[in-house]
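*Asks:* Have a look at this one.
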Amino acid sequence: MQLTHSKTQSDHGRATPTLKGRRSVLRHGLLIMSCGVLSACSSLPFRTSSLPDFSQEVSAGLEDYSIAAIGLVGVPYRYGGNTPKGGFDCSGLISYVYQKVGQIKLPRTVEGIGQVGQSLGNQTPAPGDLVFFNTQGHKHSHVGIYVGQGRFVHAPSKGGTVRLEKISSPYWSSRFTESRRIATSTASRSKN
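Each number in the numbering used here corresponds to the 1-based position in the sequence shown with 73 added.
Written out as structure tokens, the structure is:
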């Protein structure tokens, strides 16, 4: 910044920036601020892993879980809900389906469910696997049941209903964090 002495202030010995110097500082400040804003817009803050190839169809013998979940589409959302009559929140839906189909008791919270089973990494989930999303600033803040063809069933939010959605939608794909396999094949369990 260029500094000069002003005649009116020379008796105090203070230097004041010239108009040209002020503009230069302002331009540099705006450039730095613009770069920061643009870099923030170009990143996807919610996504913590890459999406698996949902176009691949795989089977792990868990289709009964996805069929049960699809059968609950349209049930109203209710915070803390865990029955078709009373409504579902996302973790209540998952707990209900896994208990009904596989007699598997899961933790009641999304965070707790996210600690059960095994992460599939970048492996394509099979119908019946769970898909997790970061909707509130942490890895396991929303969960649904993968039903195949890149779609999942979940209980989204207050005022909504259990619904079927595409993971590839901009909202969900940018928030996808992982898939987990909780159950083993219903066919292999019935043989034991």
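Positions of the beta carbon are idealized from the N, C-alpha and C atoms, including for glycine.
Residues in the same chain with beta-carbon distance under 6 Å from residue 192, minus the five sequence neighbours each way, listed in chain order, please.
*Replies:* Counted from its first residue, the sequence shown places residue 192 at position 119. Cβ within range, chain order: 251, 253.
*Asks:* Going by CA-CA distance only, name the one from 211, 212, 206, 210 that's closest to residue 226.
*Replies:* In the sequence shown, the residue the question calls residue 226 occupies position 153. Ranking 211, 212, 206, 210 by Cα distance to residue 226 puts 206 first.
*Asks:* Report all residues from its chain with a CB closer than 7 Å to the CB of residue 136; omit the five preceding and five following residues, and keep chain order.
*Replies:* Taking the sequence shown and counting its residues from 1, the one referred to as residue 136 is at position 63. The residues are 200, 201.
*Asks:* Count the other CB atoms within 10 Å of the CB of residue 242; is the residue buried (16 or more) or exposed (fewer)?
*Replies:* Position 169 of the sequence shown, counted from the first residue, corresponds to residue 242. Residue 242 should be labelled exposed.
*Asks:* Taking just the CA atoms, how far does residue 180 sit from residue 257?
*Replies:* Position 184 of the sequence shown, counted from the start, is the residue given in the question as residue 257. Position 107 of the sequence shown, counted from the start, is the residue given in the question as residue 180. C-alpha separation (whole angstroms): 17 Å.
*Asks:* Rounded to the nearest angstrom, how far is the Cβ of residue 235 from that of residue 145, given a contact under 8 Å?
*Replies:* Along the sequence shown, one-based indexing puts residue 235 at 162. Along the sequence shown, one-based indexing puts residue 145 at 72. 5 Å between Cβ atoms; contact.
*Asks:* Between residue 218 and residue 167, which are expected to be in contact by the criterion C-beta below 8 Å, what is the C-beta distance as a whole number of angstroms?
*Replies:* Translated into positions along the sequence shown, residue 218 becomes position 145. Translated into positions along the sequence shown, residue 167 becomes position 94. Yes, residue 218 and residue 167 are in contact; Cβ-Cβ is about 6 Å, under 8 Å.
*Asks:* State the Cα-Cα distance for the pair residue 248 and residue 161, rounded to the nearest angstrom.
*Replies:* Taking the first residue of the sequence shown as 1, we reach residue 248 at position 175. Taking the first residue of the sequence shown as 1, we reach residue 161 at position 88. Rounded to whole angstroms, residue 248 to residue 161 spans 21 Å at the Cα level.
*Asks:* Helix, strand or coil, according to DSSP, for residue 144 in the structure here?
*Replies:* Residue numbering aside, residue 144 sits at position 71 when the sequence shown is read from its first letter. Note: residue 144 maps to coil in three-state DSSP.
*Asks:* Could you compute how far the alpha carbon of residue 173 sits from the alpha carbon of residue 229?
*Replies:* Stepping through the sequence shown from its first residue, residue 173 is reached at position 100. Stepping through the sequence shown from its first residue, residue 229 is reached at position 156. About 21 Å.
*Asks:* If you compare alpha carbons, which of 171, 190, 213 is closest to residue 184?
*Replies:* In the sequence shown, residue 184 corresponds to position 111, counting from 1. If we check each option's Cα against that of residue 184, 213 comes out closest.
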